[in-house]
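Below: the structure, in structure tokens.
Numbering (the numbering used here), first residue to last: 28 to 303.
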């Protein structure tokens, strides 16, 4: 059975409101549960806002409601929150939109003792407007995070460090994750691939030779496509490419640029001959 909780709250401006003191709210919830044969698991209580919490002037701010945050952390999806009045959950439209969205995402039911016909899942133009507003705020936050991450990756690339993702075959991150180092056996395989390509071997024959010698990629057997991806990757020459821009990388080159250029030229010539 899903968790059934009560929630009571007073704020600095409502502590003296008749009928909305903590004891009155708690008693109302317990009486309601007893009359309806409901097993109440717990009542979460926000006992007013401390003046020491000054991150916002909004009395409805979730950051000032530790018990409500704990409630959301504790309650299961599909659980029930019982309140004396919806004003205990929210008073401002912004808080209402945010809390409703959190509740709906988890299919939580809200029972308001003083508003027996209250239905959180009914459609209302104002509710839809504020729900849309909150989605727009979420989208803006995601975009801002994406921009910050993109800037960080670009700055990292400018300094010669790989911004993100796995390392190409032949390399690995150092134990402290701050640099990229050559993996000895994989590095030797990379050198063999370029050497054999320089001698005129086809990509398929290079792959077959590696497989015959029991050498494997990180995912299994070698293929001509896998060989091609390595041969065209300038990362092996110490170059770092990010968003189409090349930077001098901090990692050690496995292949010198002259060899890399010769292999590219040879492959290009072979491709042109095939197309004739």
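All C-beta atoms, glycine included, are put in the ideal place defined by N, C-alpha and C.
Euclidean distance between Cα positions of residue i and residue j
i: residue 63; j: residue 69; result: 16 Å
i: residue 131; j: residue 271; result: 43 Å
i: residue 72; j: residue 94; result: 6 Å
i: residue 138; j: residue 101; result: 18 Å
i: residue 142; j: residue 108; result: 14 Å
i: residue 180; j: residue 48; result: 52 Å
i: residue 282; j: residue 208; result: 14 Å
i: residue 241; j: residue 248; result: 9 Å
i: residue 66; j: residue 99; result: 19 Å
i: residue 31; j: residue 57; result: 12 Å
i: residue 229; j: residue 280; result: 24 Å
i: residue 140; j: residue 52; result: 10 Å
i: residue 263; j: residue 224; result: 15 Å
i: residue 84; j: residue 110; result: Because residue 84 carries a pLDDT of 48, less than 50, the predicted location of this residue cannot be relied on, and the following value inherits that uncertainty. Approximately 24 Å between the Cα atoms of the pair.
i: residue 121; j: residue 88; result: 9 Å
i: residue 201; j: residue 244; result: 20 Å
i: residue 152; j: residue 204; result: 51 Å
i: residue 267; j: residue 199; result: 15 Å
Per-residue burial, residue i [other beta carbons within 10 Å of its own, 16 or more giving buried]
i: residue 213; result: buried
i: residue 298; result: exposed
i: residue 92; result: buried
i: residue 237; result: buried
i: residue 177; result: exposed
i: residue 55; result: buried
i: residue 295; result: exposed
i: residue 306; result: The structure shown does not extend to residue 306, since the chain is modelled only from 28 through 303, so no value can be given for it.
i: residue 148; result: exposed
Helix, strand or coil at residue i [DSSP, three-state]
i: residue 103; result: coil
i: residue 73; result: strand
i: residue 59; result: helix
i: residue 210; result: coil
i: residue 286; result: helix
i: residue 147; result: coil
i: residue 108; result: strand
i: residue 198; result: strand
i: residue 219; result: helix
i: residue 245; result: coil
i: residue 118; result: coil
i: residue 140; result: coil
i: residue 279; result: coil
i: residue 250; result: coil
i: residue 315; result: Here the chain has residues from 28 to 303 only, and residue 315 is not among them.
i: residue 266; result: strand
Whether residue i touches residue j by CB criterion (7 Å)
i: residue 233; j: residue 254; result: yes
i: residue 258; j: residue 210; result: no
i: residue 187; j: residue 275; result: yes
i: residue 195; j: residue 269; result: no
i: residue 319; j: residue 126; result: Since the first and last residues shown for the chain are 28 and 303, residue 319 lies out of range.
i: residue 36; j: residue 128; result: no
i: residue 261; j: residue 231; result: no
i: residue 103; j: residue 29; result: yes
Neighbourhood of residue i by C-beta distance below 6 Å, restricted to the same chain and skipping five residues each side
i: residue 123; result: 117
i: residue 183; result: 190
i: residue 145; result: 139
i: residue 287; result: 264
i: residue 246; result: none
Contact set for residue i: own chain, Cβ-Cβ below 8 Å, skip 5 residues either direction
i: residue 216; result: 196, 197, 237, 242
i: residue 227; result: 293
Other residues of its chain near residue i: CB distance less than 7 Å, five sequence neighbours each side excluded
i: residue 277; result: 187, 188, 206
i: residue 96; result: 89
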